[in-house]
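Report on one structure; see the data block that follows.
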Amino acid sequence: MSLGELHLGKRRAERARAMWPSTAKWLNDLKACKHIFAEDNSQVASSLFKLCERRQGIAGLKGNQLQLLTETDDVMQGDYS
1 MSLGELHLGK RRAERARAMW PSTAKWLNDL KACKHIFAED NSQVASSLFK LCERRQGIAG
61 LKGNQLQLLT ETDDVMQGDY S
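First residue of the sequence shown? That's 1 in the UniProt record's numbering, and the numbers climb one at a time after it.
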């Protein structure tokens, strides 16, 4: 027996459509703040930054960090300092 909402995907999509105009405005406003975007990226990060720019239309932000967690315990305990 399966319990739960039958139309979760549909409702999620409806909420996303309703939120898109304000999200698009925020992204456009953010583009005007040129000083917050990274200009040079490491070779390792450049593909990820390109993906972000193509997907969201904005470059990656300065100061963002990406860390690969390889141990389940680290993930579960939040040990990613």
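Just so you know, even glycine gets a beta-carbon here, dropped at the ideal spot from N, CA and C.
Within a Cβ cutoff of 7 Å, which residues of the same chain sit near residue i, ignoring the five residues on either side of it in sequence?
i	result
K31	I58
According to DSSP, is residue i helix, strand or coil?
i	result
L27	helix
L69	coil
Would residue i be called buried (16 or more neighbouring beta carbons within 10 Å of its own) or exposed?
i	result
G60	buried
Tell whether a beta-carbon distance below 7 Å holds between residue i and residue j.
i	j	result
I36	K62	yes
V75	L69	yes
Kindly list the residues whose CB is nearer than 8 Å to the CB of residue i, restricted to its own chain and excluding five residues on each side of it in sequence; keep chain order.
i	result
W20	none
Comparing the C-beta of residue i with each C-beta of chain C, is any distance below 7 Å?
i	result
Q67	Annotation note: the requested chain C is absent from the structure, which comprises a single protein chain.
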